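Colleague:
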Amino acid sequence: MTRVIIVRHGQSSYNAERRIQGRIDLSKLTEKGRSDAKKVGAALSSIAFKAIYASPLQRANETAQIIQSELVKSNPSPSVQTAEKLMEIDLPLWEKMLVSE
Numbered sequence: 002m003t004r005v006i007i008v009r010h011g012q013s014s015y016n017a018e019r020r021i022q023g024r025i026d027l028s029k030l031t032e033k034g035r036s037d038a039k040k041v042g043a044a045l046s047s048i049a050f051k052a053i054y055a056s057p058l059q060r061a062n063e064t065a066q067i068i069q070s071e072l073v074k075s076n077p078s079p080s081v082q083t084a085e086k087l088m089e090i091d092l093p094l095w096e097k098m099l100v101s102e
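Each step along the sequence shown adds one to the number in the numbering used here, with nothing skipped, and position 8 is 9.
Written as structure tokens, this is what we have:
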């Protein structure tokens, strides 16, 4: 049986600022986001993964790379593959706006 585990990207600079991100790729992981991704990787390290997919957006890809670097400490782990279909929805009129606006 195939099991799928979905993980959201770690906290990004836009999350911390309460900004709408959409597909804009300006938002980077914060230290908290990196730390949380490392914790997720450690928590999942007992599982042998056959594939790891991430959005090509830097916040998602970096999260996946950090998780993969934790997984490989316990099990052989595949490299992260990016998939355009995993990108966030496009919100061109709202991107960069504060949630309060």
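Just so you know, even glycine gets a beta-carbon here, dropped at the ideal spot from N, CA and C.
It should be emphasised that the depicted structure is a prediction, and the values quoted were computed from it without experimental measurement.
#1: How far does the beta strand (DSSP E) with Ala55 in it reach, from first residue to last?
#2: Excluding five sequence neighbours on each side, which residues of the same chain lie with their C-beta closer than 7 Å to the C-beta of Lys39?
#3: Look at the alpha carbon of Met2 and the alpha carbon of Ala43, and state the distance between them as a whole number of angstroms.
#4: For a test of the three-state rule: what should DSSP assign to Ser70, helix, strand or coil?
#5: Taking one C-beta from the region 42 to 61 and one from the region 9 to 16 each time, how about it: are there three or more such pairs within less than 8 Å?
#6: Identify whether Thr64 lies in helix, strand or coil by the three-state DSSP scheme.
Modeller: In terms of the structure at hand:
#1: Ile53 to Ala55
#2: Ile67 and Glu71
#3: 23 Å
#4: helix
#5: yes
#6: helix
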